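Residue numbers (this note's numbering), protein chains in the order written: chain A, 949 to 1326; chain B, 949 to 1326.
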């Protein structure tokens, strides 16, 4: 193999491909990145057997070939090389890298020992702007369950059941809170052919690590994202990269049942004010079950308080527009902070119930994202 | 105690006083900060029995008093309060904090349980610009010994023996490398009276943690620093703060003996080029005794290389102006990087010897800082 490409492109590729974390210590080759020339130039690939990331960069191929090299070492070298052309050449299992006065030789491992990436022939069923999908994923990430006792909620549900009504829904929950984001899709970006192939498949569950990888890698601006689903795999293609991931098997809970329809009180509050008051309450909550108490009263004030015996207590009164009856309700401050941090806009609506039913928070301006939170019972 | 001051001032004070790390788990009150009203306003103090930091902020005292509160909790609250006036009031051992809708009560501990800060009556013997002293300390920090087997080199030597020639010297070493920074002082900033009191004391050793604290806290611009030495203590007064520290006892090695006078070869190299080449070599050095090999040759090139068996090797040729004979010498890349990172300016002079004598690096433009490094023997 012999190829010439630029340091800048290699570095960008490795910043994406090199982030796939290998949890598999029994297969050390997974700590390597696969380099492979093809018609377009150089393909860099990395996998941990759950996710595979491929990235293509342009280059002048002088001799076809493939090899794997230790990812971290290779990425460290490349990122410290000066900008300009980099020549990569293999001689048996040695990889020679030349760039502007630097010569580096790294011992590689035969590419045939690298696990094959599954080939997916299915057609993309959906095109969506990368940046919109990225922001949506980042809003639902915090509520993904971290407990492995119920694997089906350790990922994000991608609900396609209303795709014919031009919307898809992303959902996450850990049973204490639930985040739901609805995205509009344009009919011309939905492939009818692909949908027919999917048939009865109305939703898939994307693992947390894949969601995190997407949030890291998806671009902004005009970049479009293609999504392909095929059996137990999902593929995201964007820019010069694709990410291929297994799906989580199992039945996601029926989240629509959880969304409350009636509320006892409703408060419209400045996001900065409530976030700050909840954060301050958190300093005492940590030693008392994380609880922060809300008091919604007819005088258009929300009183937010917390207490830690032997340490102290605090209390903040903030302005709000309140309708409904006076209400006292206790939340987990961490869960509340996660929800508030996902709100886009200056004002948040808190649709609240007492300790027996969940509350909902959403942006005043944009109800495509709702965050449902269970109160702490007294 | 009752005082009104601003959130901004309190926050600034706590960002300095709150950084003193308590290593003493048997005296939990050291995790608290002492609040004490005085004529000027509020004094905040913190100590770990090695260093004491005091900071004064202006305020409107309505009732004199003093109390201690948990530093981290108090600092967290203050930093999250909105800008504006903060009222601090004690009621027995409870501290009430009020600010713009927020009410916080923290349980405090009687100030009489807090260790007394020693009073120092001595006169400052030296005034120097804070930013100059700060930069000088940051240049010598990396070479301070971390091994506790020789306590006398676990700090920075402040050598006053040439203060009458209007210079002081800061020195650090871990016996593998030595950093020496000479600072000019103006005669009008040296107190003859204080020097007489010091008498035969020609140098003191300032503990590493105090040096780190100073580098963090010293200001920039026109701020001046006063230094007071008294028996086993040193006091640094600057802005609204003072830092009081114990000194390290013991005899610092005679560093002047170590500075080599003769060199076999001399290279003038671009700092960015050499730093990058050494950093790249470091990726292989890590698994081979941290060694990086320098080859100075008559063709005005420095060749920097490293090797790790079973992993690979690398080699960089960079331009240099070389005089003297061809020379091969091996350094510890970490020690070399520390020295290069402390060089101010675009070009570095490497005065090199073979494996039997130390090399010296310094800036082409400024020889007030020199960094001596022992080669690794083959």
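Where is the CB? At the ideal position from N, CA and C, for every residue including glycine. Only a predicted model underlies this, so the values are computations on that prediction, with no experimental measurement involved.
{"query": "Outcome for residue 1213 of chain A when other beta-carbon atoms lying within 10 angstroms are tallied against a minimum of 16", "result": "buried"}
{"query": "Rounded separation between residue 951 of chain B and residue 958 of chain B - CA only", "result": "12 Å"}
{"query": "Runs of beta strand (DSSP E) wholly within the segment 988-1073 of chain B (minimum 3 residues, chain order)", "result": "989-995, 999-1006, 1008-1011, 1014-1018, 1033-1039, 1042-1047, 1050-1055"}
{"query": "Residues near residue 1322 of chain A by beta carbon distance below 7 Å, same chain, minus five either side", "result": "1124, 1125, 1306"}
{"query": "For residue 1172 of chain A and residue 1233 of chain A, the rounded distance between their alpha carbons", "result": "43 Å"}
{"query": "Cβ pair residue 1320 of chain A, residue 1208 of chain A closer than 9 Å", "result": "yes"}
{"query": "Beta-carbon proximity check, residue 1059 of chain A vs residue 966 of chain A, cutoff 9 Å", "result": "no"}
{"query": "Segment limits, beta strand (DSSP E) that includes residue 1153 of chain A", "result": "1151-1155"}
{"query": "Neighbourhood of residue 995 of chain A by C-beta, 7 Å cutoff - its chain only, sequence neighbours within 5 removed", "result": "968, 978, 1063, 1065"}
{"query": "Sequence-distant residues of the same chain with beta carbon closer than 7 Å to residue 976 of chain B, five excluded per side", "result": "none"}
{"query": "Chain B contacts made by the segment 1257-1276 of chain A, where a contact means CB separation under 7 Å", "result": "1258, 1259, 1260, 1261, 1262, 1263, 1264, 1265, 1266"}
{"query": "Short Cβ contact (9 Å threshold) for residue 1166 of chain B with residue 1181 of chain B", "result": "no"}
{"query": "Cβ-based neighbour list, residue 1274 of chain B, same chain, cut-off 7 Å, excluding 5 preceding and 5 following", "result": "1244, 1245, 1246"}
{"query": "Per-residue contacts from residue 1231 of chain A into chain B (C-beta, under 7 Å)", "result": "1021, 1024, 1025"}
{"query": "Proximity winner among A:1187, A:1135, A:1242, relative to residue 1255 of chain A (alpha-carbon distances)", "result": "A:1242"}
{"query": "Within the segment 1117-1204 of chain A, ranges of the alpha helix (DSSP H) (whole runs, at least 4 residues)", "result": "1140-1146, 1156-1165"}
{"query": "Which of helix, strand or coil DSSP assigns to residue 1229 of chain A", "result": "helix"}
{"query": "Beta-bridge partners of residue 974 of chain A, as assigned by DSSP", "result": "Beta-bridge pairing links residue 974 of chain A to no other residue."}
{"query": "CB-CB length for residue 1225 of chain B against residue 1252 of chain B, believed under 8 Å", "result": "4 Å"}
{"query": "Own chain residues within Cβ distance below 6 Å of residue 1155 of chain B, not counting five before or after", "result": "1103, 1196"}
{"query": "First and last residue of the uninterrupted beta strand (DSSP E) at residue 1103 of chain B", "result": "1103-1107"}
{"query": "Within-9 Å CB hit, residue 1225 of chain A to chain B", "result": "yes"}
{"query": "Counterpart residues of residue 1272 of chain B in DSSP-defined beta bridges", "result": "B:1213"}
{"query": "Local conformation of residue 1255 of chain B per DSSP, three classes", "result": "strand"}
{"query": "Interface residues of the segment 1046-1063 of chain B facing chain A [CB-CB below 8 Å]", "result": "1049, 1050, 1051, 1052, 1053, 1054, 1055"}
{"query": "Chain A contact for residue 1042 of chain B (CB, 9 Å cutoff)", "result": "yes"}
{"query": "Contact list for residue 1015 of chain A against chain B, beta-carbon separation under 7 Å", "result": "Simply none; closest approach about 13 Å."}
{"query": "Beta strand (DSSP E) segment containing residue 1300 of chain B, residue limits", "result": "1295-1300"}
{"query": "Through-space distance from residue 1238 of chain B to residue 1282 of chain B, alpha-carbon basis", "result": "7 Å"}
{"query": "Best match in A:953, A:1080, A:1075 for proximity to residue 1134 of chain A [C-alpha to C-alpha]", "result": "A:1075"}
{"query": "Beta-carbon neighbours of residue 1028 of chain B, restricted to chain A and to distances below 7 Å", "result": "1224, 1227, 1228"}
{"query": "Run of the beta strand (DSSP E) containing residue 961 of chain A, from where it starts to where it stops", "result": "Taken as a continuous stretch (DSSP letters only), residue 961 of chain A belongs to no beta strand (DSSP E), being part of the alpha helix (DSSP H) at 955-965."}
{"query": "Segment contact flag, the segment 1027-1039 of chain A with the segment 1143-1150 of chain A, C-beta cutoff 8 Å, min 3 pairs", "result": "no"}
{"query": "Buried versus exposed, by CB contacts within 10 Å (16 or more), residue 1056 of chain B", "result": "buried"}
{"query": "Secondary structure of residue 1385 of chain A, DSSP reduced to three states", "result": "Any question about residue 1385 of chain A goes unanswered here, given that chain A covers just 949 to 1326."}
{"query": "Same chain only: Cβ atoms within 8 Å of residue 1071 of chain A, ignoring 5 sequence neighbours per side", "result": "1139, 1141, 1142, 1145, 1176"}
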